[in-house]
Amino acid sequence: MDRQTKATLWIAFIVITSYFVWFYLDCAMDEACHFVCEGNGRRGCHTQWTSDTGKP
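Counting from 182, one number per residue, gives the positions in the sequence shown under my numbering.
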């Protein structure tokens, strides 16, 4: 791989990782947000807000 390809892959990795970190911190800082896993994790996990915060 050349240097430009490596740089592009690192930038993509940083952008995707920062998205997940931001998503996790947004829920972690909100007391009404909880991570819910259904079907023993087979169906996946999602966030669930327990109060009327205006978020889905």
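All C-beta atoms in this analysis are idealised placements derived from N, C-alpha and C, irrespective of residue type, glycine included.
Could you name the residues of the same chain whose beta carbon sits closer than 7 Å to that of residue i, not counting the 5 residues immediately before and after it, in chain order?
i	result
residue 182	none
How far does the beta strand (DSSP E) with residue i in it extend, from its first residue to its last?
i	result
residue 228	225-230
residue 212	Here residue 212 belongs to no beta strand (DSSP E), and DSSP marks it neither H nor E.
Beta carbon of residue i, beta carbon of residue j: below 8 Å?
i	j	result
residue 230	residue 213	yes
residue 216	residue 228	yes
So, at 6 Å on beta carbons, what are the nonlocal neighbours of residue i in its own chain, with the 5 sequence-adjacent residues on each side left out?
i	result
residue 184	none
Tell me which residues share the same chain as residue i and place their Cβ nearer than 8 Å to its Cβ, disregarding the 5 neighbours each side in the sequence.
i	result
residue 195	none
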